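Asker: In my numbering, the protein residues as written are 133 to 577.
Even for Gly, the Cβ is constructed at its ideal location relative to N, Cα and C.
On a predicted model such as this, the values are computed, not experimentally measured, just so you know.
Please read through the structure below; I'll follow up with questions.
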């Protein structure tokens, strides 16, 4: 790491003890930024990087609710409004038992760069709760969401902070959250949340956008090597919204997706994952992958283990942070891996990234590769602001333009700074310079 940035990094880590994921995200960005400060000493003089690492606002609150047995339950809610230099804070809400302040800060920090790369006027933020919606009834989820929004509503708005969904927060949760916001404020402010239902202000393509965008970005990387998804053997981790849509898009481009996973295990389907059956099991029935294997001939189910034990030429990690470690990366490289596109946020450990880069594997970091979700959320905000609704085809075309633009921006930045093909450096520097320029012009705030 550049010596000038070492002391800033040490200060950031000391100010945020015990937040391992946030530390990981910060260090990964700092390692790319030495060349930027050679060209832009004004960024150091204005302490841009130190300011960027400190959220503008951190909100932590109690969320009391009652379960179906009438027992009072308590969860903790978070919203970290990280940086608004480019626009209102924008980022999802995650409902999962693993959520704590360090997770939310890592996600919010990554979101700053991701949102900047889209070229859309949105800042970075993130939120969530340690509430687990899995196994809860619709009524329990509704009561939790209403209690959560009863506090959150005072901190958000279409010109202030616009949350969306993430792990554990889908259309059901967004509906309950929006309903409570509308009830409290007495305003139908469509742009306050994204990921809404199509019939009440949502955008077509938004459910597909993160998965589709990851595949589009990865396709652009493959093109630089004179190839494409056509004929590739693909492994995808996860089986939620992002994973399912990544599978669908990759197979539409001619790939065969042979494996996907959930928290219990993974399936291997050499004929190619049946996307419609997978949607039925995971999205309609909220079931497990073992049930997918029971209904489809020739499919093997592995209880536990790692989906990265399956050979692949393209890997799309779409589950959660730090799911793909150095050992798994080395095994994938030995199997003939060509490219990795991160559909999740920071799913590859630092060791794994190093393995991929040393082996010359194309590597698309999450802050670039999975930006399609937030980009389409911004398109949803545009439609809400103009009281308009776009066709699926037009919205998908805009998504494709944005993802190709992100790829080209990362590639051009890496070339400019002397590391062709280093998409990590390209994404970090490309996003940082855009935000830093805005912060510099807006003064010491």
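Contact between the stretch 543–559 and the stretch 516–526 is defined here as three or more beta-carbon pairs at a separation below 8 Å; is this criterion met?
Answerer: No contact exists between the stretch 543–559 and the stretch 516–526.
Asker: Could you give the distance in angstroms between the alpha-carbon of residue 282 and the alpha-carbon of residue 471?
Answerer: For the purposes of this step, residue 282 is identified with residue 150 of the chain shown, where counting begins at 1. For the purposes of this step, residue 471 is identified with residue 339 of the chain shown, where counting begins at 1. Cα to Cα, residue 282 sits roughly 44 Å from residue 471.
Asker: Three or more beta-carbon pairs under 8 Å between the stretch 208–223 and the stretch 175–192, yes or no?
Answerer: Touching, yes.
Asker: Going along the chain, which unbroken runs of the beta strand (DSSP E) with 3 or more residues stay wholly within the stretch 279–360?
Answerer: If we require 3 residues or more, the beta strand (DSSP E) runs fully inside the stretch 279–360 come out as 293–296.
Asker: Could you spell out the range, first to last residue, of the beta strand (DSSP E) harbouring residue 449?
Answerer: For the purposes of this step, residue 449 is taken as residue 317 along the chain shown, with counting starting at 1. Taken as a continuous stretch (DSSP letters only), the beta strand (DSSP E) holding residue 449 covers 446–449.
Asker: Are there 16 or more other CB atoms within 10 angstroms of the CB of residue 235, so buried, or fewer, so exposed?
Answerer: Position 103 of the chain shown, counted from the start, is the residue given in the question as residue 235. Result: buried.
Asker: Just mark residue 586 as buried or exposed, buried being the case when its beta carbon has 16 or more other beta carbons within 10 Å.
Answerer: Outside the displayed range of the chain (133 to 577) lies residue 586, so it cannot be described from this structure.
Asker: State the DSSP-derived secondary structure class of residue 435, mapped to helix, strand or coil.
Answerer: The residue you call residue 435 lines up with position 303 of the chain shown. If DSSP states are grouped into helix, strand and coil, residue 435 belongs with the strands.
Asker: Taking the alpha helix (DSSP H) that residue 482 belongs to, which residues open and close that run?
Answerer: Along the chain shown, read from residue 1 onward, the residue named residue 482 stands at position 350. Residues 482–490.
Asker: Straight-line CA distance for residue 300 to residue 246?
Answerer: By one-based count along the chain shown, residue 300 stands at place 168. By one-based count along the chain shown, residue 246 stands at place 114. The straight-line gap from Cα to Cα measures roughly 21 Å.
Asker: Enumerate in chain order the residues of its own chain whose CB-to-CB distance from residue 163 is below 6 Å, with the five nearest sequence positions on each side excluded.
Answerer: Within the chain shown, the letter at position 31 stands for residue 163. Here the set comprises 133.
Asker: Applying the criterion that 16 or more other CB atoms from any shown protein chain within 10 Å of the CB defines a buried residue, is residue 265 buried or exposed?
Answerer: Here the question's residue 265 lines up with position 133 in the chain shown. It counts as buried.
Asker: How far does the beta strand (DSSP E) with residue 391 in it reach, from first residue to last?
Answerer: The residue given as residue 391 occupies position 259 in the chain shown. Taken as a continuous stretch (DSSP letters only), the beta strand (DSSP E) holding residue 391 covers 388–393.
Asker: According to the neighbour-count rule (16 or more other Cβ atoms, all chains shown, within 10 Å of its Cβ), is residue 515 buried or exposed?
Answerer: Translated into the one-based positions of the chain shown, residue 515 becomes position 383. So residue 515 ends up on the buried side.
Asker: State the CB to CB distance for the pair residue 345 and residue 329, rounded to an integer number of angstroms; the pair is presumed to be in contact (CB under 8 Å).
Answerer: Residue numbering aside, residue 345 sits at position 213 when the chain shown is read from its first letter. Residue numbering aside, residue 329 sits at position 197 when the chain shown is read from its first letter. Rounded, the Cβ-Cβ distance is 21 Å, inconsistent with contact.
Asker: Tell me the residue span of the beta strand (DSSP E) that contains residue 190.
Answerer: The count along the chain shown starts at 1 and reaches residue 190 at position 58. Unbroken beta strand (DSSP E) run through residue 190: 189–198.
Asker: What whole-angstrom Cβ distance do residue 220 and residue 255 have, given they're in contact under 8 Å?
Answerer: Numbered from its first residue, the chain shown carries residue 220 at position 88. Numbered from its first residue, the chain shown carries residue 255 at position 123. At roughly 6 Å, the Cβ-Cβ gap stays under 8 Å, so residue 220 and residue 255 are in contact.
Asker: Near residue 182, which residues of its chain fall below 6 Å by C-beta distance, leaving aside the five closest residues on each side in sequence?
Answerer: Numbered from 1 along the chain shown, position 50 holds the residue referred to as residue 182. So the list reads 140, once near-sequence residues are dropped.
Asker: Could you name the residues of the same chain whose beta carbon sits closer than 7 Å to that of residue 324, not counting the 5 residues immediately before and after it, in chain order?
Answerer: The residue given as residue 324 occupies position 192 in the chain shown. Hits under 7 Å: 288, 289, 290, 294 and 313.
Asker: Using the three-state DSSP reduction, which class does residue 182 fall into: helix, strand or coil?
Answerer: As a first step, residue 182 must be located in the chain shown, where it is residue number 50. Note: residue 182 maps to helix in three-state DSSP.
Asker: On the CB-based measure, 16 or more other CB atoms within 10 Å of its CB, does residue 573 come out buried or exposed?
Answerer: Translated into positions along the chain shown, residue 573 becomes position 441. That one is exposed.
Asker: Hey, would you say residue 400 sits closer than 8 Å to residue 442, going by beta carbons?
Answerer: Counting from 1 along the chain shown, the entry for residue 400 is found at position 268. Counting from 1 along the chain shown, the entry for residue 442 is found at position 310. Taking 8 Å as the Cβ cut-off, residue 400 and residue 442 qualify as a contacting pair.
Asker: Tell me the DSSP secondary structure of residue 213 in three-state form.
Answerer: Within the chain shown, residue 213 is the residue found at index 81, counting from 1. Here residue 213 sits in strand by DSSP.
Asker: Considering only the alpha carbon of each residue, which of 376, 166 and 386 lies closest to residue 362?
Answerer: On the chain shown, position 230 is the one that residue 362 refers to. Checking every option, the nearest Cα to that of residue 362 belongs to 386.
Asker: Measure from the alpha carbon of residue 568 to the alpha carbon of each residue in 203, 244, 143 and 148, then state which is nearest.
Answerer: Counted from its first residue, the chain shown places residue 568 at position 436. Checked all of 203, 244, 143 and 148; the closest Cα to residue 568 is 244.
Asker: Rounded to whole angstroms, what's the CA-CA distance from residue 222 to residue 284? Just pull it up for me.
Answerer: Start at 1 with the first residue of the chain shown, and residue 222 comes out as number 90. Start at 1 with the first residue of the chain shown, and residue 284 comes out as number 152. Cα-Cα distance, rounded: 14 Å.
Asker: May I ask you to list the residues that DSSP assigns as paired with residue 85?
Answerer: A question about residue 85 goes unanswered here, because the residues of the chain that appear run from 133 up to 577.
Asker: Return the CA-CA distance between residue 425 and residue 406, expressed in angstroms with no decimal places.
Answerer: Position 293 of the chain shown holds residue 425. Position 274 of the chain shown holds residue 406. Approximately 11 Å between the Cα atoms of the pair.
Asker: Please go through the same chain and pick out, in chain order, the residues whose beta-carbon is closer than 6 Å to the beta-carbon of residue 541, but skip the five residues on each side of it.
Answerer: Indexing the chain shown from 1 puts residue 541 at position 409. Taken in chain order, the residues that qualify are 562.
Asker: Quick check: residue 389 and residue 404, are their CB atoms within less than 8 Å of each other?
Answerer: Taking the chain shown and counting its residues from 1, the one referred to as residue 389 is at position 257. Taking the chain shown and counting its residues from 1, the one referred to as residue 404 is at position 272. Yes; because the gap between Cβ atoms is below 8 Å, this pair is in contact.
Asker: Less than 8 Å separating the beta-carbons of residue 165 and residue 560?
Answerer: Residue numbering aside, residue 165 sits at position 33 when the chain shown is read from its first letter. Residue numbering aside, residue 560 sits at position 428 when the chain shown is read from its first letter. Cβ atoms of residue 165 and residue 560: closer than 8 Å.
Asker: Since I believe residue 197 is in contact with residue 275 (beta carbons under 8 Å), could you give me their beta-carbon distance rounded to a whole number of angstroms?
Answerer: As a working mapping, residue 275 is identified with position 143 in the chain shown. As a working mapping, residue 197 is identified with position 65 in the chain shown. 5 Å between Cβ atoms; contact.
Asker: Taking the beta strand (DSSP E) that residue 260 falls in, what are its first and last residues?
Answerer: Reading the chain shown from its first residue, position 128 is the one you call residue 260. From DSSP, the beta strand (DSSP E) with residue 260 extends over 255–261.
Asker: Within a Cβ cutoff of 7 Å, which residues of the same chain sit near residue 204, ignoring the five residues on either side of it in sequence?
Answerer: The residue you call residue 204 lines up with position 72 of the chain shown. Cβ neighbours of residue 204 beyond the five flanking positions: 196 and 198.
Asker: Quick one: give me the first and last residue of the alpha helix (DSSP H) that residue 509 is part of.
Answerer: As a first step, residue 509 is located in the chain shown; it is residue number 377 there, counting from the start. Unbroken alpha helix (DSSP H) run through residue 509: 504–517.
Asker: If I measure Cβ to Cβ from residue 436 and keep anything under 7 Å in the same chain, skipping five residues before and after, which residues do I get?
Answerer: As a working mapping, residue 436 is identified with position 304 in the chain shown. Result list for residue 436: 397, in chain order.
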